[in-house]
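In the numbering used here, the protein residues as written are 106 to 419.
Each residue gets a CB set at the ideal place from its N, CA and C atoms; glycine is no exception.
Being a predicted model, the structure only gives us computed values, none of them experimental.
For reference, the structure discussed in these notes is given below.
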């Protein structure tokens, strides 16, 4: 398939309604896990992978489906099984212009697979009585997650592209009355590389889905404003502000940014909970790590925790 046709398919994709984790309002976690494979098959933009040779394409398609399934699954530990494959798939995605946005998206998410592998080693399996079936390794608690992520990023340098964006994007966040330190969300989402595109359609520095982008006034046609730093930052800041006003807590707001407002709200209600820590181990696996990773990055870059963020005033 020619590059022109592939790019046309990508353009048309922007105009299609896409169901994704950031827009799920009515969600039951077990139902989501059960249907994740079917969902991935329906939503993965496999046309982009046509640039790869057939065998490589098949490997990449399977990996991306498996990754999305485990990201939305219950258990963090299950991501560890994908680490070796991810390190094989990444060079394939980097080797073609059409698939490089996927590679940009995947690279910062290798952290999740690495940390899951560490938890697989350090968390003891539950005791099983003779004759009982094996039990899954439990999810690490939020305190354990925060400690591991702080250690993981404590000496990490700035992403190469960050110096081109941080100062001016902080100005955008301040204008939207959102703590400017939260621009570092872009490190976790895209390593400050606007080319990043997820296989389910999120794009840009802040990985906005098409519906979310349009909700906050961005245009996807004829030019996708999610790929422009300032408009993307403005929409992201507006969404974060809305989520914080709803949940009154930055950990919960960021969990909702990643997994959907409905996911967080339903868990709070079901567990009669008030805080992120109360529901953390019940969130989708990606979200369980997304929030503490952001907090660790903020501590590394700004020396501040989420609880210490201050809303800008006029």
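(1) What runs of the alpha helix (DSSP H), each 4 residues or longer, lie entirely inside the segment 374-400?
(2) Inspect the CB distances between the segment 207-226 and the segment 329-342 and report whether three or more fall short of 8 Å.
(3) Let me know the secondary structure DSSP gives residue 406 once reduced to three states.
(4) Given 7 Å as the limit, tell me if residue 182 has its C-beta closer than that to any heavy atom belonging to the ligand HEM.
(5) If we count the other Cβ atoms within 10 Å of its Cβ and call it buried at 16 or more, is residue 415 buried or exposed?
(6) What does DSSP give as the partner residues of residue 347 in its beta bridges?
(7) Under DSSP, the alpha helix (DSSP H) around residue 192 begins and ends at which residues?
(8) According to DSSP, simplified to helix, strand and coil, what is residue 414?
(9) Any idea what DSSP makes of residue 328, helix, strand or coil?
(10) Compare the Cα-Cα distances from residue 216 to each of 191, 268, 405 and report the closest residue.
(11) Going straight from the alpha carbon of residue 288 to that of residue 281, what length do you get?
(12) With a threshold of 8 Å on Cβ separation, who are the neighbours of residue 195 within its own chain once the five nearest residues in sequence on each side are excluded?
(13) Grab the span of the alpha helix (DSSP H) containing residue 307 for me, first residue to last.
(14) Considering only residues of the same chain and omitting the five flanking positions on each side of residue 297, which have a CB-CB separation below 7 Å?
(15) Need the endpoints of the alpha helix (DSSP H) that residue 162 sits in, please.
In brief:
(1) Fully contained in the segment 374-400 are the following alpha helix (DSSP H) runs of length 4 or more, in chain order: 381-384.
(2) No, they do not touch.
(3) Looking at residue 406 - three-state DSSP - the assignment turns out to be helix.
(4) For the ligand HEM, the structure offers nothing, since it holds no ligand at all.
(5) Exposed is the call here.
(6) DSSP output for residue 347 lists no bridge partner at all.
(7) In the DSSP assignment, residue 192 falls within the alpha helix (DSSP H) that extends over 188-199.
(8) Coil at residue 414, not helix or strand.
(9) In the structure shown, residue 328 sits in coil (DSSP, three-state: anything other than H, G, I, E or B).
(10) When each option's Cα is compared against that of residue 216, the closest is 191.
(11) Rounded to whole angstroms, residue 288 and residue 281 show a C-alpha spacing of 12 Å.
(12) If we look at residue 195 and ignore the five residues flanking it on each side, its Cβ neighbours are 208, 211, 212, 215.
(13) Looking at the DSSP string, residue 307 is not in any alpha helix (DSSP H), and its letter there is neither H nor E.
(14) Cβ within range, chain order: 264, 266, 267, 270, 291, 310.
(15) Here the alpha helix (DSSP H) through residue 162 covers 159-176.
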